[in-house]
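Notes follow once the structure below has been shown.
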Amino acid sequence: MTSSVFPFSAIVAQDEMKLALLIAAVDASIGGVLVFGDRGTGKSTAVRALAALLPKMRVAVPCRYGCDPEAPRLCEECTQRRARGELKSRLAPVPVVDLPLGATEDRVVGALDLERALAHGEKVFEPGLLARAHRGFLYIDEVNLLEDHLVDLLLDVAASGENVVEREGLSVRHPARFVLVGSGNPEEGELRPQLLDRFGLSVEVRTPEDLRTRIEVVRRRDEFERDPEAYVAKWKRDEERLRKLIVSARARLEDVAVPDLALENAARLCMALGTDGLRGELTLMRAARAAASLEGAKTVSDVHLRRVAPPALRHRLRRNPLDEAGSTVRVERALGELFGT
Amino acid sequence: MSRVATVPSIWSDAVLAAALFAVDPAGVGGISVRSHAGPVRDLWLAGVRDALPDGAPWCRLPVHTADGRLLGGLDLAATLRAGRPVAERGLLSAADGGVLVATMAERMSSLTAARLVAALDSREVLLERDGLGMRIPARFGVIALDEGVAADETPPPSLLDRLAFHLDLTSVAIRDAALEFIDEQAVAEARGRLPGVVLRDDVLESLCSAALALGIGSARAVLQAVRVARAAAALGGRDLAALEDAALAGRLVFSSRVTRLPADDPPAEPEPPQAEKEPADEAVADDAADGNPASDSTQPLEETVVASVAASLPPGLLASLRAGGTIPRSGASVGRSGALQQAKLRGRPAGIRRGEPRSGARLNVIETLRAAAPWQPLRRRARAEALAQPGADRPRIEVRHDDFRITRFKQRAQTTTLFVVDASGSSALNRLGEAKGAVELLLADCYVRRDRVALIAFRGSGAELLLPPTRSLVRAKRSLAALPGGGGTPLATGIVAATALGESLKRRGDTPLLVFMCDGGANIARDGSPGRQRAEEDAIAAAQQLRAAGLAALVIDTSPRTHPLAQRLAREMSGRYLPLPRADAAALSRAVGVGTASGRRGVAT
Numbered sequence: 001m002t003s004s005v006f007p008f009s010a011i012v013a014q015d016e017m018k019l020a021l022l023i024a025a026v027d028a029s030i031g032g033v034l035v036f037g038d039r040g041t042g043k044s045t046a047v048r049a050l051a052a053l054l055p056k057m058r059v060a061v062p063c064r065y066g067c068d069p070e071a072p073r074l075c076e077e078c079t080q081r082r083a084r085g086e087l088k089s090r091l092a093p094v095p096v097v098d099l100p101l102g103a104t105e106d107r108v109v110g111a112l113d114l115e116r117a118l119a120h121g122e123k124v125f126e127p128g129l130l131a132r133a134h135r136g137f138l139y140i141d142e143v144n145l146l147e148d149h150l151v152d153l154l155l156d157v158a159a160s161g162e163n164v165v166e167r168e169g170l171s172v173r174h175p176a177r178f179v180l181v182g183s184g185n186p187e188e189g190e191l192r193p194q195l196l197d198r199f200g201l202s203v204e205v206r207t208p209e210d211l212r213t214r215i216e217v218v219r220r221r222d223e224f225e226r227d228p229e230a231y232v233a234k235w236k237r238d239e240e241r242l243r244k245l246i247v248s249a250r251a252r253l254e255d256v257a258v259p260d261l262a263l264e265n266a267a268r269l270c271m272a273l274g275t276d277g278l279r280g281e282l283t284l285m286r287a288a289r290a291a292a293s294l295e296g297a298k299t300v301s302d303v304h305l306r307r308v309a310p311p312a313l314r315h316r317l318r319r320n321p322l323d324e325a326g327s328t329v330r331v332e333r334a335l336g337e338l339f340g341t
Numbered sequence: 342m343s344r345v346a347t348v349p350s351i352w353s354d355a356v357l358a359a360a361l362f363a364v365d366p367a368g369v370g371g372i373s374v375r376s377h378a379g380p381v382r383d384l385w386l387a388g389v390r391d392a393l394p395d396g397a398p399w400c401r402l403p404v405h406t407a408d409g410r411l412l413g414g415l416d417l418a419a420t421l422r423a424g425r426p427v428a429e430r431g432l433l434s435a436a437d438g439g440v441l442v443a444t445m446a447e448r449m450s451s452l453t454a455a456r457l458v459a460a461l462d463s464r465e466v467l468l469e470r471d472g473l474g475m476r477i478p479a480r481f482g483v484i485a486l487d488e489g490v491a492a493d494e495t496p497p498p499s500l501l502d503r504l505a506f507h508l509d510l511t512s513v514a515i516r517d518a519a520l521e522f523i524d525e526q527a528v529a530e531a532r533g534r535l536p537g538v539v540l541r542d543d544v545l546e547s548l549c550s551a552a553l554a555l556g557i558g559s560a561r562a563v564l565q566a567v568r569v570a571r572a573a574a575a576l577g578g579r580d581l582a583a584l585e586d587a588a589l590a591g592r593l594v595f596s597s598r599v600t601r602l603p604a605d606d607p608p609a610e611p612e613p614p615q616a617e618k619e620p621a622d623e624a625v626a627d628d629a630a631d632g633n634p635a636s637d638s639t640q641p642l643e644e645t646v647v648a649s650v651a652a653s654l655p656p657g658l659l660a661s662l663r664a665g666g667t668i669p670r671s672g673a674s675v676g677r678s679g680a681l682q683q684a685k686l687r688g689r690p691a692g693i694r695r696g697e698p699r700s701g702a703r704l705n706v707i708e709t710l711r712a713a714a715p716w717q718p719l720r721r722r723a724r725a726e727a728l729a730q731p732g733a734d735r736p737r738i739e740v741r742h743d744d745f746r747i748t749r750f751k752q753r754a755q756t757t758t759l760f761v762v763d764a765s766g767s768s769a770l771n772r773l774g775e776a777k778g779a780v781e782l783l784l785a786d787c788y789v790r791r792d793r794v795a796l797i798a799f800r801g802s803g804a805e806l807l808l809p810p811t812r813s814l815v816r817a818k819r820s821l822a823a824l825p826g827g828g829g830t831p832l833a834t835g836i837v838a839a840t841a842l843g844e845s846l847k848r849r850g851d852t853p854l855l856v857f858m859c860d861g862g863a864n865i866a867r868d869g870s871p872g873r874q875r876a877e878e879d880a881i882a883a884a885q886q887l888r889a890a891g892l893a894a895l896v897i898d899t900s901p902r903t904h905p906l907a908q909r910l911a912r913e914m915s916g917r918y919l920p921l922p923r924a925d926a927a928a929l930s931r932a933v934g935v936g937t938a939s940g941r942r943g944v945a946t
């Protein structure tokens, strides 16, 4: 049923959303992407499309948590295997795991394997969604409707990068580092500030107002729905090109220079906007570096800063009710003052 | 199928929509039907049901359906019998291949809607519950039965967005309804024809530009119209969806979603569709029906679709749109979120979660036992091994800490009416007396409705919270009696104080309603300095701040003649304005009663 997803490269317009997702794919330390916007703008489509786009990664086998064989810290089993020199690996797709609303806690964190317990009376830990999302993406559609106790749990794991389960006398601890991707419609309810802050980038999507774009959106979507396989095949080369771009951008990332001027401008911008803490500046720099790398640039320039400043900063502004303008406009204004228009 | 160019009756449109839906339920998405329960609706539903293929599921979704029933979960009885996990189908997967009928959809919570919508979008249910993780196909169409009365009492906007047709059968009489039925034979044939139906590119473009011209934001509406146009062609026995199909689809899908009407002289298209751009008059649909699609039509396709939509709008609406007003988008209704408050002990049960029966949470014994049941053999064995003495005072059921389930409750947020009273100047004593009377009246009323009131008075150089939110009649009367008067009018300070209190109430899950009783006069600025102009500017800024905080406000103008500043304030607050030159307590109470009632409707879930 889900064998065919709409190709990422076939998504019309929504450049900011696409850039934010690509940045997260290039640099996972960016801290997640939040996509908020109108209904029917293809928020979920983009995230699911990203899953099909991502290049494969190397994982340890057999490992239930998808450990990275190169990583310094592994799960217990893999650590033992490495000590014995038996660690093997293979290529596997990057997981993009859906956390559906209505999921129960045991499925999210993992619990005892019910089948084994019933049939054989054995206590075996069955990893949950957090384990499955390790080294990949955890996607929550309608993130603002997620139940509070699940949100708390996610925040905890996202902060520590580790999931700890104590159940039925079983104590399991496994790495769970993932890029949190949330989407939602602000009309359904606001996001708790603590969760909002966890997202590195926040994207606002809007329905395109331009007729040509809208026709293209509908035409492509319609063509895809009438024959998904053929449509995916049609876009295969574009997808391949984009995939290569992600791979090369990742490889280049460490070599992209961040000049002092860019650092200074980032700091000035954050000061002008009065963002809380250093997280904003850090994300801004990282995102600008990833954007530069995606472009093949060797150094971060003002162009990159300008491009990523709205998604990196707009959700970190302190609400200023006296300012009628939305946070996006405020970021743009500050950018205009800093760099000139 | 012959279609007439005159405005079709509501019922024949409803029948047509039902037939198109029956051709492709999952593709079209669904229908929302606004109507009272009654013979007309029953007749219509029976018609849809008969038009569906034999054996297609027809499931009813009650309004408060728990997750286990909706999504599915562990079938405990079967699991214990079989000795392996057995999944129980939820309603969403049970409806696969058929239709899900959501009853009382106007009361559906946004949480239920989110689950339903996720299944509609992905055409499967992603189940991650009770130790089960699976994807179950769920391809279905939805019929949302909307029994709402008030304009803002609608099914959740996220659901409506996925349903192609929004019908209103409230005004249909049973004798009209008995005249026309779905042609089941035609529907069955259309179903076979549908996969081969082709939609011309310029027709697709015309639907897109019509949607843009009518201010329809969601791309889903256009996609639905595209599918409806195909279904219409299939129903008409054609393999090519033509202009008349697009016009029909536009009329049926777009008319309930219009947010603006195109200007009378449409701006020149920068890049007109390649299609022939010929003028036409009202009879385009007829021309097309003659088997001459668009080629000799005398109007751009887009305009035909727009005209088709406009013809089916009620006349009053049209006039208000022309006047420049826009219909509030149903999605923009405020306060749906956060209106439900998590509570530990009171309210409607809203689900079960793992947790400890501590700090007032209530243990759900049955769910706890259910949670413990599958693990019993495992635990018995573990205990037997640990004790190595079989049979030694073994509990019959072993319940562990992990099994504890507590019930979550959701409580309707309470309304707190916050009075902000101008207690300044000489006339204040008079006005204050009236305000006191109103608060007392309202309090008695609130006592019945379980609402609360609070009172802030501003005078001299500051604002004072004289009555913190309370339901106590005695306390309220006592603090009211002690309310002093006199001094300058620090209006801005009063608004700021009210905003702060309103926001803190909102954070706690209350629904605050701010009632300002003033004459719009202001002569003390926020920093306490006198001066009319500064004071008024500050007051307006504070009013904007109030709006930004998303608080509901009502400005009662107590001056002898309506005061422009009071009106301006109400506008800046996006609040209601009520001139009440001689405020008497009963009239005030009535006004506030209306305000809270409409506020409540928005939050009722």
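So the protein lines, in turn, are chains P and U.
Heads up: the first sequence is residues 1 to 341, going by the working numbering.
Heads up: the second sequence is residues 342 to 946, going by the working numbering.
C-beta atoms are modelled at their ideal positions from N, C-alpha and C, and glycine is treated no differently.
ask   = Using the C-alpha atoms, what's the distance from residue 99(P) back to residue 486(U)?
value = 29 angstroms
ask   = DSSP state of residue 839(U), grouped into three classes?
value = helix
Under 7 angstroms (Cβ pairs) to chain U, residues found in the segment 11 to 34 of chain P = none
task = Determine the chain C residues that contact residue 145(P) at a beta-carbon separation under 8 angstroms, and present them in chain order.
result = The chain labelled as chain C is not found among the protein chains of the depicted structure, namely P and U.
inquiry  = Taking 8 angstroms as the threshold (C-beta atoms), are residue 563(U) and residue 552(U) in contact?
reply    = yes
request  = Determine the extent of the alpha helix (DSSP H) in which residue 171(P) is found, giving its start and end residues.
outcome  = Run containing residue 171(P): none in the alpha helix (DSSP H); it sits in the beta strand (DSSP E), 170 to 175.
query = From 739(U), 449(U), 434(U) and 743(U), pick the residue whose C-alpha is nearest to that of residue 475(U); which is it?
reply = 434(U)
request  = Can you give me the Cβ contacts of residue 52(P) inside the same chain, cut-off strictly under 6 angstroms, excluding the 5 residues immediately before and after it?
outcome  = 5
query = So what does DSSP say about residue 40(P), is it helix, strand or coil?
reply = coil
inquiry  = Once DSSP output is grouped into helix, strand and coil, what is the label at residue 694(U)?
reply    = strand
request  = With 8 angstroms as the threshold, decide whether the Cβ of residue 185(P) is near any Cβ in chain U.
outcome  = yes
request  = Indicate whether residue 558(U) and residue 207(P) have their beta-carbon atoms separated by less than 8 angstroms.
outcome  = yes
key: residue 764(U) (DSSP reduced to helix, strand or coil)   = coil
request  = Quick one: which unbroken alpha helix (DSSP H) runs of 4-plus residues sit fully inside the segment 101 to 140 of chain P? Chain order, please.
outcome  = 105 to 109, 114 to 120 and 129 to 132
task = Report the residues of the segment 413 to 436 of chain U with a CB closer than 9 angstroms to any CB of chain P, ordered along the chain.
result = 414, 415, 420, 421, 423, 424, 425 and 426
query = In chain P, which residues lie with their C-beta within 7 angstroms of the C-beta of residue 546(U)?
reply = 215
task = Quick one: which residues of the segment 141 to 172 of chain P get their C-beta closer than 8 angstroms to a C-beta of chain U? List them in chain order.
result = 141, 142, 144, 145, 147, 148, 149, 167, 168 and 169
query = Applying the criterion that 16 or more other CB atoms from any shown protein chain within 10 Å of the CB defines a buried residue, is residue 304(P) buried or exposed?
reply = buried
key: Cβ separation of residue 358(U) and residue 372(U), assumed to be a contact under 8 angstroms, to the nearest whole Å   = 6 angstroms
message = Suppose contacts are defined by Cβ-Cβ distances below 8 angstroms. Is residue 334(P) in contact with residue 262(P) by that definition?
response = no
request  = With DSSP as the reference, label residue 162(P) as helix, strand or coil.
outcome  = strand
query = residue 140(P): buried (16+ other C-beta within 10 angstroms of its C-beta) or exposed?
reply = buried
request  = Count the other C-beta atoms from every protein chain shown that fall within 10 angstroms of the C-beta of residue 847(U), then say buried if there are 16 or more, exposed otherwise.
outcome  = buried
Given 8 angstroms, three or more beta-carbon pairs between the segment 396 to 409 of chain U and the segment 514 to 526 of chain U = no
ask   = Expressed to the nearest angstrom, what Euclidean distance is found between the alpha-carbon atoms of residue 696(U) and residue 708(U)?
value = 12 angstroms
ask   = Mind checking if residue 941(U) is an interface residue toward chain P, Cβ cutoff 8 angstroms exclusive?
value = Any reading at residue 941(U) must be qualified, since the residue scores a pLDDT of 40, below 50, and its modelled position is unreliable; no value is offered.
query = So what's residue 278(P) in DSSP terms, helix, strand or just coil?
reply = coil
ask   = Using the C-alpha atoms, what's the distance from residue 136(P) back to residue 346(P)?
value = This structure cannot speak to residue 346(P), because chain P is shown only from 1 to 341.
request  = Tell me whether residue 612(U) sits in a helix, a strand or coil according to DSSP, three-state version.
outcome  = Confidence in residue 612(U) is poor, its pLDDT being 37 and thus under 50, which makes the residue's placement unreliable; the coordinate value appears in the next sentence. Correct three-state label for residue 612(U): coil.
query = Using a beta-carbon distance below 8 angstroms, is residue 676(U) in contact with chain P?
reply = Only weak support exists for where residue 676(U) lies, its pLDDT of 34 falling under 50; the coordinates are left without a value.
request  = Determine the direct distance from the alpha carbon of residue 470(U) to that of residue 531(U), and round the result to whole angstroms.
outcome  = 39 angstroms
task = Go ahead and pull the three-state DSSP assignment for residue 870(U).
result = coil
message = Nearest by alpha-carbon distance to residue 719(U): which of 327(P), 83(P) and 118(P) is it?
response = 118(P)
Any chain P beta carbon closer than 8 angstroms to residue 504(U) = no
request  = Assign residue 861(U) to one of three DSSP states: helix, strand, or coil.
outcome  = coil
key: Contacts of residue 716(U) in chain P (Cβ-Cβ under 8 angstroms)   = 112, 117 and 168
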